[in-house]
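I have placed the structure first, in the form of structure tokens, so that the comments after it can refer back to it.
Number of protein chains: 2
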Amino acid sequence: MNMLATPARLSTADDDFDAQFKARLHWSADTDAAIEQRVADILADVQQRGDAAVLDYTARFDGLGAAAMAELELTQAELKAAFDGLSAVQRDALQAAARRVRSYHEAQKKASGESWSYRDEDGTLLGQKVTPLDRVGIYVPGGKAAYPSSVLMNAIPAHVAGVGEIIMVVPTPKGEKNALVLAAAYVAGVTRAFTIGGAQAVAALAYGTQTVPKVDKITGPGNAYVASAKKRVFGTVGIDMIAGPSEILVLADGTTPADWVAMDLFSQAEHDELAQSILLCPDAAYIDQVQAAINRLLPQMPRAEIIAKSLTGRGALIHTRSMEEACAISNRIAPEHLEVSSNAPHRWEPLLKHAGAIFLGAYTSESLGDYCAGPNHVLPTSGTARFSSPLGVYDFQKRSSLIEVSEQGAQVLGKIAAELAYGEGLQAHARAAEMRLQTVPEMRMSP
Amino acid sequence: MNMLATPARLSTADDDFDAQFKARLHWSADTDAAIEQRVADILADVQQRGDAAVLDYTARFDGLGAAAMAELELTQAELKAAFDGLSAVQRDALQAAARRVRSYHEAQKKASGESWSYRDEDGTLLGQKVTPLDRVGIYVPGGKAAYPSSVLMNAIPAHVAGVGEIIMVVPTPKGEKNALVLAAAYVAGVTRAFTIGGAQAVAALAYGTQTVPKVDKITGPGNAYVASAKKRVFGTVGIDMIAGPSEILVLADGTTPADWVAMDLFSQAEHDELAQSILLCPDAAYIDQVQAAINRLLPQMPRAEIIAKSLTGRGALIHTRSMEEACAISNRIAPEHLEVSSNAPHRWEPLLKHAGAIFLGAYTSESLGDYCAGPNHVLPTSGTARFSSPLGVYDFQKRSSLIEVSEQGAQVLGKIAAELAYGEGLQAHARAAEMRLQTVPEMRMSP
């Protein structure tokens, strides 16, 4: 097998850089109308027929027949048995990763997820009460892309938030179960687990069936059917984000060994042919070294074929005029994973506005973050880091405003509110405010 | 006009309470397939033809013809002139409300919207960097339901978050502009404003046109077309929530004047016939007093007809066995606005799990919160308070994880990550972690 991985070689000094750059980046999240219609039908059917519909679709799409939903539930004993069946080194690795992920999310909760309140000069109390969701569903992809680390990354923040019940769904095509996924569910403390997937699993979680409990929010990545189903049930339940192909952007000043950078680009490319790996660097000679490392290391990789297709089809090595320009281009991309592969990463970090996760310095390979550094690996893709955030404890909490107006405060606020309410033609609003005044004025009509 | 407002009278002691309660609460957020298709067509057209399409739809739906989009832009001078044209008392009320809303959201940002980080025992840095969105769009309904207070509630948190540009859209059917809305845009510091609305305005903001800049997120309520359009562009841009009819739930122990409670129920009911006002109270005699107050006060209200339809069609006065039971029922409803009309509100507040905003004590009428107490009045409706939060500074910020693994940290994390990556069959991930080890092991195949 003679494979080549040749990412596009661009330079910001090229006249047509903008056009080339846009063409490379282009990715459309538009869903297919046919998929949308099939998903709508599946959702309606599960909403109406419950378990029976889920069983039908599971038999049809996953080749997994069952007489009753109970047969598709994984017991806690099965999850524990899967964990016990792992090698000691795998068990330790899973638990160590879980520990670090938990500890990071506990810090996150403390920093930004606690209730708060204050009283103003009139003694009026204002604040927000932060509470966990009651019950959430986590979708774990099955088959080839079954990632136990995703179980930890979804379930642990929910636990830290204080969610009462965590319901996992994971398709097991032809009944084939992934022991690491089951073990991760055990380690992460999943409450109940069902071997169902696709739009039918999303529907079961969103509407509830005779057996699957209705949840308040569904998180976790999936294929086009799952993404379309999540978008469609949004409003009935909460959802996290719609995941696109994974991406890495490496911003290099040339001080990291080129082999390390090449392997980091591979580690994104090996996910999937549509994954995107991009290098931005002001040093042309270093870019040559990275390409040479790619050529040298590729043949060793078991997933070389996927890596080659991804790098050649969607990858890019971009020569920039400066690190500053590289940072500006990174902000245009708003990448999911952003490595600042520099010996002065804190010089560049303040210039970086949009990214799911920022990996600082040569030792911070993306893969350390993917598994066990602590931060979540569920990150906004396809430029959505411009407006969304990593999955976190905050996704499993919600806030209620708290207001307690003092009698004194009501005298001040009542007049302001009444004025504005009359202006909007909402006289009952105005009157409710005025009734709290010590001297209640005559009711006015609106202007 | 002889109108009656007769909310359903239920008791938790009734045998069929559950069925009656569910029937009263029922509200379907399902969108109409015909609306969905028309919205999809409008979005595609605006995406393709830009300004020209927006102009066509604005002429057709709003009866507002213009030769170019520039004619539909409101200048800063127009916004200021609208403010200057108000009465002094209206100007003061708008500014006082804006000041309080700003100060509350500044406290919110401080409590839960700042960047944080820490170093673990290996010197590895972990945290999150919080940054504002670059540019947001706020949708302000026009016509009858044009609420200047909504301009403040959307634009001010965006400002406090540090958003660079705030683009407002507000339909002006037949060119009729609401001076208070324009003045509120001036007070809130809106960057640019266009007199467009409907799905075409959402499309213009989501995709950008020759004249309307593309935004990162769209917030603000609208009709069924706007809601469907927001849901459809979700992923291309961020959106806040999909708003349903407004609701109030009053949890009363009988210590608040019955007139006050009746007026608070009115102030929700006057919004719209589909609005929902519910009273939960363990004291049957007090419920009678509230009904008597409703009968007495209704004829004075200019919006009596809407109030009567809303209360009779969707309202309920529910007699409970106790305040504890009332709290439990409130949690099942997860109301948008929850008044704890009690002389001991802090006794009940800890029992309340799901609500958009909690108004504590007799002086805290919902209308004070709607306009000027400080907290946001854009709140989750239709039970979505189970999983979502008031609009806030956090809606205009996003987070990027920060990770800087030390050389020492890489020795520990590298082994864990490699073990899990080999387990998932992702050898490049494993290898990237192993390359950072001081003693690089041979590459393994996956199990």
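In order, the protein sequences belong to chains Y and C.
Per the working numbering, residue 578 is the first one in the first sequence, and the count goes up by one each step.
Per the working numbering, residue 578 is the first one in the second sequence, and the count goes up by one each step.
Ideal Cβ positions, reconstructed from N, Cα and C, are used throughout, including at glycine.
Name the residue from the options whose alpha carbon lies nearest to the alpha carbon of residue i.
| i | options | result |
| --- | --- | --- |
| residue 630 of chain Y | Y:918, Y:884, Y:896 and Y:773 | Y:773 |
| residue 703 of chain C | Y:587, Y:813 and Y:946 | Y:946 |
| residue 817 of chain Y | Y:830, Y:831 and Y:797 | Y:797 |
| residue 1010 of chain C | Y:769, Y:939 and Y:846 | Y:939 |
| residue 898 of chain C | C:715, C:883 and C:587 | C:587 |
| residue 652 of chain Y | Y:913, Y:857, Y:744 and Y:907 | Y:744 |
| residue 664 of chain Y | C:1000, C:799 and C:789 | C:1000 |
| residue 610 of chain Y | C:609, C:618 and C:604 | C:618 |
| residue 923 of chain C | C:828, C:1008, C:913 and C:912 | C:828 |
| residue 913 of chain Y | Y:784, Y:930, Y:925 and Y:901 | Y:930 |
| residue 693 of chain C | C:683, C:861 and C:705 | C:705 |
| residue 964 of chain C | Y:800, Y:977, Y:645 and Y:809 | Y:977 |
| residue 992 of chain C | Y:786, Y:1019 and Y:668 | Y:668 |
| residue 656 of chain Y | Y:813, Y:761 and Y:623 | Y:761 |
| residue 925 of chain Y | Y:863, Y:982, Y:830 and Y:990 | Y:830 |
| residue 604 of chain C | C:719, C:927, C:821 and C:972 | C:821 |
| residue 715 of chain C | C:771, C:672, C:615 and C:1020 | C:771 |
Residues of chain C with a CB under 7 Å from the CB of residue i: which are they?
| i | result |
| --- | --- |
| residue 872 of chain Y | Result: empty, since nearest Cβ-Cβ is about 15 Å, beyond 7 Å. |
| residue 814 of chain Y | 964 |
| residue 718 of chain Y | Within 7 Å Cβ-Cβ: nothing; residue 718 of chain Y doesn't reach chain C, min ~12 Å. |
| residue 858 of chain Y | Residues of chain C passing the Cβ test: none, with the nearest at roughly 18 Å. |
Which chain C residues are close to residue i, counting only those with a beta carbon under 9 Å from its beta carbon?
| i | result |
| --- | --- |
| residue 1008 of chain Y | 840, 843, 844, 874, 877, 878 and 944 |
| residue 1022 of chain Y | 879 |
Which residues does DSSP pair with residue i in a beta bridge?
| i | result |
| --- | --- |
| residue 693 of chain C | C:705 |
| residue 975 of chain Y | Y:708 |
| residue 557 of chain Y | Residue 557 of chain Y lies beyond the stretch modelled for chain Y, which goes from 578 to 1024, so this question has no answer here. |
| residue 769 of chain C | C:744 |
| residue 657 of chain C | Bridge partners of residue 657 of chain C: none, in fact. |
| residue 853 of chain C | C:824 |
| residue 858 of chain C | C:896 |
| residue 914 of chain Y | Y:825 and Y:934 |
| residue 650 of chain Y | Y:771 |
| residue 796 of chain C | C:715 |
| residue 811 of chain Y | Y:814 |
One question on the structure: do residue i and residue j come within less than 9 Å of each other, judged by their Cβ atoms?
| i | j | result |
| --- | --- | --- |
| residue 891 of chain C | residue 916 of chain C | no |
| residue 968 of chain Y | residue 779 of chain Y | no |
| residue 866 of chain C | residue 911 of chain C | no |
| residue 936 of chain C | residue 980 of chain Y | yes |
| residue 710 of chain Y | residue 1004 of chain Y | no |
| residue 707 of chain C | residue 689 of chain Y | yes |
| residue 700 of chain Y | residue 959 of chain Y | no |
| residue 791 of chain C | residue 814 of chain C | yes |
Please go through the same chain and pick out, in chain order, the residues whose beta-carbon is closer than 7 Å to the beta-carbon of residue i, but skip the five residues on each side of it.
| i | result |
| --- | --- |
| residue 775 of chain Y | 634, 638, 748, 802 and 803 |
| residue 882 of chain C | 580 |
| residue 951 of chain C | 677, 678, 680 and 681 |
| residue 841 of chain C | 825, 827, 916, 942 and 943 |
| residue 737 of chain Y | 679, 682, 683, 686 and 970 |
What residues of chain C sit near residue i, judged by a beta carbon separation below 8 Å?
| i | result |
| --- | --- |
| residue 794 of chain Y | 964 |
| residue 953 of chain Y | 978 |
| residue 837 of chain Y | 1009, 1012 and 1013 |
| residue 910 of chain Y | Simply none; closest approach about 13 Å. |
| residue 666 of chain Y | 996 |
| residue 930 of chain Y | 708 and 711 |
In chain Y, which residues lie less than 9 Å from residue i when you measure between Cβ atoms?
| i | result |
| --- | --- |
| residue 689 of chain C | 688, 689, 690, 691, 693, 705, 707, 971 and 976 |
| residue 937 of chain C | 702, 979, 980, 981 and 982 |
At a cut-off of 8 Å, is residue i close to the ligand GDP when judged by its beta-carbon and the heavy atoms of the ligand?
| i | result |
| --- | --- |
| residue 824 of chain C | Inclusion of the ligand GDP in the displayed structure is not the case, the ligand content being empty and no account of it being possible. |
Kindly list the residues whose CB is nearer than 6 Å to the CB of residue i, restricted to its own chain and excluding five residues on each side of it in sequence; keep chain order.
| i | result |
| --- | --- |
| residue 893 of chain C | 584, 585, 587, 601 and 855 |
| residue 847 of chain Y | 880, 883 and 884 |
| residue 769 of chain Y | 744 |
| residue 726 of chain Y | 948 |
| residue 757 of chain Y | 725 |
Under 7 Å Cβ-Cβ, which residues of chain Y neighbour residue i?
| i | result |
| --- | --- |
| residue 941 of chain C | 980, 981 and 982 |
| residue 807 of chain C | Simply none; closest approach about 10 Å. |
Can you give me the Cβ contacts of residue i inside the same chain, cut-off strictly under 8 Å, excluding the 5 residues immediately before and after it?
| i | result |
| --- | --- |
| residue 1017 of chain C | 1011 |
| residue 837 of chain Y | 918, 939 and 942 |
| residue 612 of chain Y | 801, 802 and 805 |
Closer than 8 Å by beta-carbon distance: list the chain Y residues that pair up with residue i, in chain order.
| i | result |
| --- | --- |
| residue 922 of chain C | 981 |
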